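In my numbering, the protein residues as written are 1242 to 1344.
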């Protein structure tokens, strides 16, 4: 019974740690660029796109497709970086245990 209580306490501590980490990662920002820096996107550890900058010189009405591609590339890279940062922090918090649904 003593081992069960110890295990329950450890699980509660881990849960507390995870909740705090998720909150902190909501503030964590990752940034990525595309097109040599003409498009920049920023995302949080929660996977939210929060910032997008486009250099005026790429806003060519005759080539909207290129701009769309650059925006998608930068946004996807920023989201990928944010997801990887969140996964790395979760791995640290859980001691490397693969707990489904945490990221």
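Beta carbons are placed, not taken as given, at the ideal position from N, Cα and C, and that holds for glycine.
This structure is a prediction, so every number in the text was calculated from the model and none was measured.
Judged by DSSP secondary structure, residue 1272 falls outside any alpha helix (DSSP H) and instead within the beta strand (DSSP E) spanning 1270–1275. Taking residue 1312 as reference, the option from 1296, 1263 and 1246 with the minimal CA-CA separation is 1296. With a cutoff of 9 Å on beta-carbon distance, residue 1285 and residue 1264 are scored as not near each other. Per the coordinates, the alpha-carbon of residue 1316 lies some 19 Å from the alpha-carbon of residue 1301.
A buried status is given to residue 1319, since no fewer than 16 other beta-carbon atoms sit within 10 Å of its beta-carbon.
Contact between the region 1286–1295 and the region 1324–1335 is present, with at least three C-beta pairs closer than 8 Å.
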